[in-house]
Structure formats: C-alpha cells, structure tokens
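Per full-length UniProt numbering, the very first residue in the sequence shown carries number 1; after that it's consecutive. For glycine and all other residues, C-beta sits at the position ideal for the given N, C-alpha and C.
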Amino acid sequence: MSLQQRIMNDLHTKSNIVASTEIESRVNFLKQYLIQSKAKGFVLGISGGQDSTLAGRLAQIAVEELRESGHIVKFVAVRLPYGTQRDEEDAELALSFINPDDRISFDVKKTVDVFAESYKTNASQPLSDFNKGNVKARVRMITQYAIAGQGNLLVIGTDHAAEAITGFFTKYGDGGADILPLAGLTKRQGKMLLKELGAPERLYVKQPTADLLDEKPQQADETELGITYDELDDYLEGKAVSDDAAKKIEERYLQTEHKRQLPASLHDEWWQ
Ligand SMILES: Nc1ncnc2c1ncn2[C@@H]1O[C@H](COP(=O)(O)OP(=O)(O)OC[C@H]2O[C@@H]([n+]3cccc(C(=O)O)c3)[C@H](O)[C@@H]2O)[C@@H](O)[C@H]1O
Ligand SMILES: Nc1ncnc2c1ncn2[C@@H]1O[C@H](COP(=O)(O)OP(=O)(O)OP(=O)(O)O)[C@@H](O)[C@H]1O
Ligand SMILES: [Mg+2]
Numbered sequence: 001m002s003l004q005q006r007i008m009n010d011l012h013t014k015s016n017i018v019a020s021t022e023i024e025s026r027v028n029f030l031k032q033y034l035i036q037s038k039a040k041g042f043v044l045g046i047s048g049g050q051d052s053t054l055a056g057r058l059a060q061i062a063v064e065e066l067r068e069s070g071h072i073v074k075f076v077a078v079r080l081p082y083g084t085q086r087d088e089e090d091a092e093l094a095l096s097f098i099n100p101d102d103r104i105s106f107d108v109k110k111t112v113d114v115f116a117e118s119y120k121t122n123a124s125q126p127l128s129d130f131n132k133g134n135v136k137a138r139v140r141m142i143t144q145y146a147i148a149g150q151g152n153l154l155v156i157g158t159d160h161a162a163e164a165i166t167g168f169f170t171k172y173g174d175g176g177a178d179i180l181p182l183a184g185l186t187k188r189q190g191k192m193l194l195k196e197l198g199a200p201e202r203l204y205v206k207q208p209t210a211d212l213l214d215e216k217p218q219q220a221d222e223t224e225l226g227i228t229y230d231e232l233d234d235y236l237e238g239k240a241v242s243d244d245a246a247k248k249i250e251e252r253y254l255q256t257e258h259k260r261q262l263p264a265s266l267h268d269e270w271w272q
C-alpha cells in the first residue's frame, strides 16, 4: 500500500462526498455521543474562521434537534480574542450564522501576557513569539474546559484531515478537545458543507489563519506551512500532487505522529 493510501486510511478521508449526507452523519454523531456521555451540551471557541463556523453550526443544529426530542442540552459559543482581533467582524458574522444558545466572551490577552512576563522572570529568558502563540492556543483550551466543567459540557475540537495530516495544531491547545465533528474532512470539503448550510460566503473563502503571532497577525496557514490547502486536499482525496509537495506532506506526517496519538509509553508500538 502506498504511503498516500495509508494516510488516507488512517485519517478516514474520502475522495468524494455528498455535502448533505456528511452534514447529517456528523450531526447524528454529535447527538448520539452527547446522549451517550450524559453531558448537557457543547462548548466551542468561535474565531471567525472556516472550521469553527462549521463545527459551531453543526453543534447548534445537533442540540436543537435533541431538544425537539426532549433532551435538555445547549451549545455555548465562546469568543476568545487576544486583545483586538483584526477579523472581529468575521467572528460576529460567524456567531450570527451559528445562532448559538449562549455566548460568552473572554479576552485571553491578560492571562497570556501575565504568563509571558512570568516566564521571562522565572526562566530568565523571553518567551519567543512562536511559543507565546502556542500559549494563546492553550489558554483558549483552559478557558473552554473551565466552561465545560462548570456546565457539564463537552469541548468540541475543529481538527480535520487537512490539519491532522501536518499536525498543524497546538498539542493540548486547539488539539485538546473531547469530540471532533470535522474529522476526515479536507478543507475544501468543509467549504462544501458550509455552502450547503447557507453560511455567508465570506467565512469560507477567506484565508485560513492560526493567527497566533504578535509579529505576523493573520499570517496565512499556507505561508507558515509552505504547502497549500489545495495540495493537502488533493493528496488526501487520492489525487496526484507534485513530487515536491508529496515529499513535504509525507515528511510532516511522519514527524507529527506523536500529535495524533496518546502520550507514548513503553507499551506502544506506533513510535518504534
Ligand atoms: N517525537 C515526539 N514525541 C512526543 N512529543 C513530541 C515529539 N516531538 C515533539 N514533541 C512535543 O511536541 C511539542 C511541539 O508541539 P506543539 O507544542 O504543538 O508546537 P508546534 O507543533 O511546534 O507548533 C504548533 C504549530 O501548530 C500551528 N497551529 C497552532 C494552533 C492552531 C493552528 C491553526 O491551524 O489554526 C495552527 C502553529 O502555527 C504551529 O505551526 C514539543 O515541544 C514537544 O513537547
Ligand atoms: N480568536 C479566537 N476566538 C475563539 N476561538 C479561537 C480563536 N482562535 C482560535 N480559536 C479556536 O481554535 C480553533 C483552531 O483554529 P483554526 O484557525 O484552525 O480554525 P478556524 O479559525 O476556525 O478556521 P481557519 O483554519 O479557516 O482559520 C478554532 O477553530 C477555534 O475553535
Ligand atoms: Mg483560524
């Protein structure tokens, strides 16, 4: 089996999807898992980007359907800007589209900045802009788990195949979650689902950004990765990509296996 085929199997990608069928199966998954868990709903950070818009809307649909059959459940959308976010208008647009039961807003700046200052003092060196970015992602995770703990909710993660393949998420930051409704989707398949759901086009044609750096706000994921989402999606959908792109993708996949596994122990074989 080729490495491309193995990766497609591991990440459960499909070459072709029907958007309405994918929406139904992912909403059903959220509903069934929530009932089984006995939790009271979901919480998710809404950034104004494509992935949280999609996962948030699916969560809201799921809880509305469960309420129709008598369950007392809700979806809490949480804004987690670091100070003033450049695409705040998109975050507001995403919230209008999702129409969540509850909204909370937390500015993570104070917490992150106090931590960065404390790091500088205690470790006698400044935290790099890159590592501070990962602290932002982890403070967002802490906030979502605090809300989940208070309300007996589950934390939704927005990881999908085009991020999982390169490990392009912060370990135990945005990678720390309870349930992944977008697993297996490529970035363009996520756009298809948003279109089918009637989302404002602006929210899925915009440049994907982790937006974690002070020094490079709104930096495009594709710039940091040196790989385009079209290349990642083509690879994940079983299409041919250039040798150069395949090499970069496969190297990153193999290097980031630790992000797709539980912490390594001597009983595991995946790392050997
Ligand atoms: N082989 C190995 N086995 C077990 N653990 C290993 C390991 N190699 C590193 N590690 C651990 O992993 C750590 C590095 O991983 P991590 O802390 O995640 O850091 P890292 O992967 O270096 O950085 C996170 C990346 O994800 C991107 N990101 C983050 C958040 C959101 C998005 C987005 O798409 O929006 C993107 C971000 O731009 C950056 O490129 C190391 O410090 C080490 O602790
Ligand atoms: N400013 C923010 N406010 C709230 N949540 C955020 C913020 N930034 C990141 N997150 C959370 O972290 C997740 C990972 O970020 P990521 O950039 O991969 O997704 P996105 O912003 O939803 O979509 P895109 O990849 O298209 O930018 C988001 O889906 C969201 O849940
Ligand atoms: Mg983003």
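CB glutamate 22 to CB leucine 193, shorter than 7 angstroms? Against the sequence shown, residue 22 aligns to sequence position 22. Against the sequence shown, residue 193 aligns to sequence position 193. Taking 7 angstroms as the Cβ cut-off, glutamate 22 and leucine 193 qualify as a contacting pair.
Alanine 55 and leucine 182 closer than 7 angstroms at C-beta:
The sequence position of residue 55 within the sequence shown is 55, counting from 1. The sequence position of residue 182 within the sequence shown is 182, counting from 1. Inclusion of alanine 55 and leucine 182 in the CB contact set at 7 angstroms is warranted, their separation being smaller than that value.
CA-to-CA distance, glycine 173 to asparagine 134, given in whole angstroms: By 1-based counting over the sequence shown, the position of residue 134 is 134. By 1-based counting over the sequence shown, the position of residue 173 is 173. Each residue's Cα considered, the two are about 7 angstroms apart.
* Can you grab the Cα-Cα spacing for the pair lysine 14 / glutamine 189, in whole Å? => Sequence index remark: in the sequence shown, residue 14 carries index 14 (1-based). Sequence index remark: in the sequence shown, residue 189 carries index 189 (1-based). Linking lysine 14 to glutamine 189 through their CA atoms gives a straight-line distance of about 10 angstroms.
Worksheet entry | Sequence ranges, alpha helix (DSSP H) only - wholly within the segment 85-157, length at least 4 | Here the runs fully enclosed are 88-98, 109-123, 129-151.
- Message: What I want to know is whether the C-beta of serine 84 ends up closer than 6 angstroms to one or more non-hydrogen atoms of ligand 3.
- Response: Locating residue 84 in the sequence shown gives position 84, counting from the first residue. With the sequence shown as reference, residue 84 is identified as threonine, and serine is not the correct amino acid for it. Result no, Cβ not under 6 angstroms from ligand 3.
Decide if methionine 141 is buried, meaning its Cβ has at least 16 other Cβ atoms within 10 Å, or exposed.
Within the sequence shown, residue 141 is the residue found at index 141, counting from 1. Its Cβ being crowded by 16 or more others within 10 Å, methionine 141 is buried.
- Query: How would you write the range of the beta strand (DSSP E) that leucine 182 sits in, first residue to last?
  - Reply: Numbered from 1 along the sequence shown, position 182 holds the residue referred to as residue 182. If you look at leucine 182, you'll find it isn't in any beta strand (DSSP E); DSSP assigns it neither H nor E.
Beta-carbon proximity of leucine 73 to glycine 41, cut-off 7 angstroms: Position 73 of the sequence shown, counted from the start, is the residue given in the question as residue 73. Position 41 of the sequence shown, counted from the start, is the residue given in the question as residue 41. Strictly speaking, residue 73 in this sequence is valine, with leucine absent from that position. Contact annotation: valine 73 and glycine 41 have beta-carbon atoms nearer than 7 angstroms.
Query raised in the report: Contact check, isoleucine 98 vs threonine 53 under 8 angstroms by CB: the rounded distance?
Result: Within the sequence shown, residue 98 is the residue found at index 98, counting from 1. Within the sequence shown, residue 53 is the residue found at index 53, counting from 1. Contact annotation, isoleucine 98 with threonine 53: C-beta distance approximately 7 angstroms; criterion of less than 8 angstroms satisfied.
Query raised in the report: What is the C-beta distance between threonine 143 and phenylalanine 106, in whole angstroms, given that I count them as a contact (C-beta under 8 angstroms)?
Result: Position 143 of the sequence shown, counting from 1, holds the residue named residue 143. Position 106 of the sequence shown, counting from 1, holds the residue named residue 106. The distance from the Cβ of threonine 143 to that of phenylalanine 106 is about 5 angstroms, consistent with a contact at the 8 angstroms cut-off.
**Q.** Range covered by the alpha helix (DSSP H) that runs through phenylalanine 29
**A.** The sequence position of residue 29 within the sequence shown is 29, counting from 1. Per DSSP, the unbroken alpha helix (DSSP H) holding phenylalanine 29 starts and ends at 19-37.
Please classify aspartate 138 as buried or exposed, where buried requires at least 16 other C-beta atoms within 10 Å of its C-beta. Here the question's residue 138 lines up with position 138 in the sequence shown. Per the sequence shown, residue 138 should be read as arginine rather than aspartate. The residue is buried, with at least 16 neighbouring Cβ atoms inside 10 Å.
### Task
In the DSSP assignment, find the beta strand (DSSP E) that holds glycine 167 and state where it starts and stops.
By 1-based counting over the sequence shown, the position of residue 167 is 167. DSSP places glycine 167 in no beta strand (DSSP E); its state is neither H nor E.
Check: How many angstroms separate the CA atom of lysine 259 from the CA atom of leucine 11?
Finding: Within the sequence shown, residue 259 is the residue found at index 259, counting from 1. Within the sequence shown, residue 11 is the residue found at index 11, counting from 1. Taking the straight line joining both Cα atoms gives about 13 angstroms.
* Segment contact, 8 angstroms Cβ cut-off, at least three pairs: the segment 54-70 with the segment 20-34 -> Touching, per the Cβ criterion.
- [ ] With valine 43 as the anchor, note down where its alpha helix (DSSP H) starts and where it stops.
- [x] Position 43 of the sequence shown, counting from 1, holds the residue named residue 43. From DSSP, valine 43 is part of no alpha helix (DSSP H) but of the beta strand (DSSP E) over 41-45.
**Asked** Looking only at C-alpha atoms, which of Leu180, Asp234, Thr209, Ala164 sits nearest to valine 27?
**Response** Looking up residue 27 in the sequence shown gives position 27. Selected option, being the one with the closest Cα: Leu180.
Item to complete: Give the secondary structure of alanine 77 by DSSP, where H, G and I count as helix, E and B as strand, and everything else as coil.
Response: The sequence position of residue 77 within the sequence shown is 77, counting from 1. Alanine 77: strand per DSSP, three-state reduction.
Going by C-alpha distance, which of Arg202, Asn16, Met8, Asp87 is nearest glutamine 219? Here the question's residue 219 lines up with position 219 in the sequence shown. Nearest option by C-alpha distance: Asp87.
Let's see if you can read the secondary structure: which residues bound the alpha helix (DSSP H) around glutamine 5? Walking along the sequence shown from the start, residue 5 turns up at place 5. Following the DSSP letters along the chain, one finds glutamine 5 inside the alpha helix (DSSP H) bounded by residues 3-11.
Can you tell me which residues form a DSSP beta bridge with alanine 220?
Within the sequence shown, residue 220 is the residue found at index 220, counting from 1. Answer is Thr209, bridged to alanine 220.
Is alanine 164 closer than 7 angstroms to leucine 236 when the C-beta atoms are compared?
Position 236 of the sequence shown, counting from 1, holds the residue named residue 236. Position 164 of the sequence shown, counting from 1, holds the residue named residue 164. Alanine 164 sits away from leucine 236, with the two beta carbons spaced by 7 angstroms or more.
Classify leucine 194 as helix, strand or coil using the three-state DSSP reduction. Against the sequence shown, residue 194 aligns to sequence position 194. Judged by DSSP in its simplified three-state form, leucine 194 adopts helix.
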